[in-house]
Amino acid sequence: MEDKKVSRRKFMRDGAIVAAGVAVGLGAKTASGAADNTSKILNYNPNMEYRRQGKTNLMVSAVCLGGHSSSNQEQRNEIVSRAIDIGINYIDACTKGEVIRDAKALEGRRDKMYLALSHCGKETREEEYRTAKKLLGSLDEVLQASGQEYTDLWRITCFEPGGRHTFNTACEMVEALETAKKQGKARFVGFSTHDRRWIKFMIEYFPQIDCVCFPFTTMSKRAQTDSVFEALKKQDVGAFGIKPFAAGSLFAKDRKTNFERARLAIRYILNSNTVIPIPGMNNIEYVDNVAKAVMERRELDVKETAELDIANRQALAKLPKNYQWLKNWQYV
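Here the working numbering is used: the first residue of the sequence shown is 77, the next is one more, and so on.
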């Protein structure tokens, strides 16, 4: 019975590979001119940079809005408004509460931003939600709760070490993602994990994956050999980077220093040309600071590099116990 199940999925996978190959070939020309035709960029602002996000062919703002925030609904509405003002066009919401909050913040202006979601409490990290049927039910629940008919990107939250998932769980997850896309409930699909090797395996084995989400900080660099970014490029998969400020460990007590370090972090990540960072922002000043970082030159000078090195050493020394794993993300 198990062999038949895998064989059926292998048949589905092989068919998808052919379709994906054709799609990438057809989409490449369209994407190459997308940056020049700004009318096709959602919420375009000439002071914001936009980057093609893999096979989605979406032109996404170089910095996006993360879901984690200590703000209430009124404050979040203001943050989203300011993000729209500066040309940010993508929000990543990871929990049911974040999705409801951000959908409400976008009422009347849903056409200004892409909204990605995960219902992380009812996805593959929980044993009960490791079948396509249960995952699709979880998606329906969060869409209904937030008053949405679809999401721009459904990115399922997986185990941090994604390799702990069985192959069959991976197949069930991809089946759910593919079904949601066919049903019009998700325009694009992907997953988040903290496991480089598993990311590489998943995007190479399942061409249905459009985007992935994983940690990338100011301490992260492209690995010299076997980098996940080579696989991402080859498979034309988009990448979003979480924890750009190392879960807040990059910051000191001084407000001015924190704003400077935040800009250095954004510039460093953008200059690495690897991921699109999605920092959490607690007020409009944080949003304005990100806008300032995008406007500044990318490459850090000698003095700025030294300042960031000091900040990185301090961040490593004070990482909370539940974020010690970030030390393993220095080479990606």
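Where a beta carbon is used, it is the ideal one built from N, C-alpha and C, also for glycine.
### Cβ contact (3+ pairs, closer than 8 Å) linking the region 181-200 and the region 224-235
yes
### Query
What number of angstroms, rounded off, separates the C-alpha of G356 from the C-alpha of G317?
11 Å
### Message
Quick check on this structure: which residue in E236, V304, P320 and F321 has the alpha carbon closest to the alpha carbon of V313?
### Response
The residue with the shortest Cα to Cα distance from V313 is V304.
### Message
For K261 and N365, what's the separation of their Cα atoms in angstroms?
### Response
34 Å
### Query
Counting Cβ pairs, one atom from each stretch, are 3 or more of them under 8 Å apart for the region 346-354 and the region 384-391?
no
### Query
Can the beta-carbon of K257 be found less than 7 Å from the beta-carbon of V250?
Cβ atoms of K257 and V250: not closer than 7 Å.
### Query
Any idea which residues DSSP pairs A192 with across the strands?
D168 and L229
### Query
To which residues of the same chain is E217 closer than 6 Å at the C-beta, ignoring the five residues directly before and after it?
none
#### Entry: Limits of the unbroken beta strand (DSSP E) element including C247
No beta strand (DSSP E) holds C247; the alpha helix (DSSP H) holding it covers F243 to K258.
### Task
To the nearest angstrom, report how far apart N334 and L326 are at their CA atoms.
8 Å
### Query
Run through DSSP, which three-state label would I352 get?
strand
### Stretch pair the region 152-163 + the region 121-140: three plus CB contacts closer than 8 Å
yes
### Message
Which same chain residues end up closer than 7 Å to L376 when comparing Cβ atoms and leaving out the 5 residues on each side of it in sequence?
### Response
L340, R343, Y344 and L384
### Query
With distances taken from CA atoms, which of K309, A367, P353 and C287 is nearest L134?
C287
### Message
Just to check my reading of the structure: A391 and A322 have Cβ atoms closer than 8 Å, yes? What is that Cβ distance to the nearest angstrom?
### Response
5 Å
#### Entry: Cut-off 7 Å between Cβ atoms - residues of its own chain near S137, not counting five sequence neighbours on either side
Excluding sequence neighbours, S137 sits near M124, Y126, G163, I164, N165 and Y166.
### Query
Is it true that the CB of Q259 sits closer than 7 Å to the CB of I279?
Not a contact, by the Cβ cut-off of 7 Å.
### Query
Mind pulling the alpha helix (DSSP H) runs of 4 or more residues that sit fully within the region 295-382?
304-311, 331-348 and 360-371
### Query
Run through DSSP, which three-state label would F264 get?
Strand, per DSSP.
### Task
Would you kindly report the start and end of the unbroken alpha helix (DSSP H) that includes F277?
R272 to Y281
### Message
From the DSSP secondary-structure annotation, give me the bridge partner or partners of G142.
### Response
D168
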